[in-house]
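In the working numbering, the protein residues as written are 1466 to 1623. Beta carbons are placed, not taken as given, at the ideal position from N, Cα and C, and that holds for glycine. Fair warning: this is a prediction, and the values are worked out from it, not measured in the lab.
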């Protein structure tokens, strides 16, 4: 019988145990750039030595974020900002991953605690896009992506 605190190897990566921290949206980023909040939040988990910590849903393109406060990883500045978090996690023998995301028709929202759901253009909101022009619930109808745009978006995940 394996135990929760036994190491596990998947492909060529060994995790010190089977306790994994799921990604949790914090809505504390600015223009996709993580903040000191993320450093404190993620590294607090690292001190408990889980096998893996997953960073919240991070947009691969600016318009792929769920909200104005979501993290992104579409440029070098954003990628480099994760380095201190990664270094600390690794110092605790903790692996760290990231949930790459595109929110599609559920994008361009305010933070959950704001007084309205959708972010207007003057608040920093953007046009939502999806594979088809079908709205989610009471959200705006997204613009349907053209085939070349879908291919370009797919490449953003690589």
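Pull the bridge partners of residue i from the DSSP assignment, please.
i, result
"residue 1485", "1517"
"residue 1572", "Beta-bridge pairing links residue 1572 to no other residue."
"residue 1594", "1608"
"residue 1467", "DSSP, once it has assigned bridges, lists no residue as partnering residue 1467."
Are residue i and residue j closer than 8 Å when you measure CB to CB?
i, j, result
"residue 1488", "residue 1521", "yes"
"residue 1595", "residue 1609", "yes"
"residue 1523", "residue 1575", "no"
"residue 1606", "residue 1567", "no"
"residue 1564", "residue 1519", "yes"
"residue 1663", "residue 1584", "Nothing about residue 1663 can be reported from this structure: the residues present for the chain run from 1466 to 1623 only."
Can you look up residue i in the DSSP assignment and give me helix, strand or coil?
i, result
"residue 1619", "helix"
"residue 1543", "helix"
"residue 1480", "strand"
"residue 1610", "coil"
"residue 1534", "coil"
"residue 1522", "strand"
"residue 1566", "strand"
"residue 1587", "helix"
"residue 1550", "helix"
"residue 1495", "strand"
"residue 1507", "helix"
Measuring straight from C-alpha to C-alpha, what distance separates residue i and residue j?
i, j, result
"residue 1506", "residue 1604", "30 Å"
"residue 1560", "residue 1546", "17 Å"
"residue 1427", "residue 1569", "Examination of residue 1427 is not possible in this model, given that the chain is present from 1466 through 1623 alone."
"residue 1467", "residue 1516", "15 Å"
"residue 1491", "residue 1514", "21 Å"
"residue 1598", "residue 1611", "11 Å"
"residue 1512", "residue 1573", "34 Å"
"residue 1577", "residue 1469", "34 Å"
"residue 1504", "residue 1510", "10 Å"
Query raised in the report: Can at least three beta-carbon pairs, one atom from the stretch 1548–1558 and one from the stretch 1588–1603, be found at a separation below 8 Å?
Result: no
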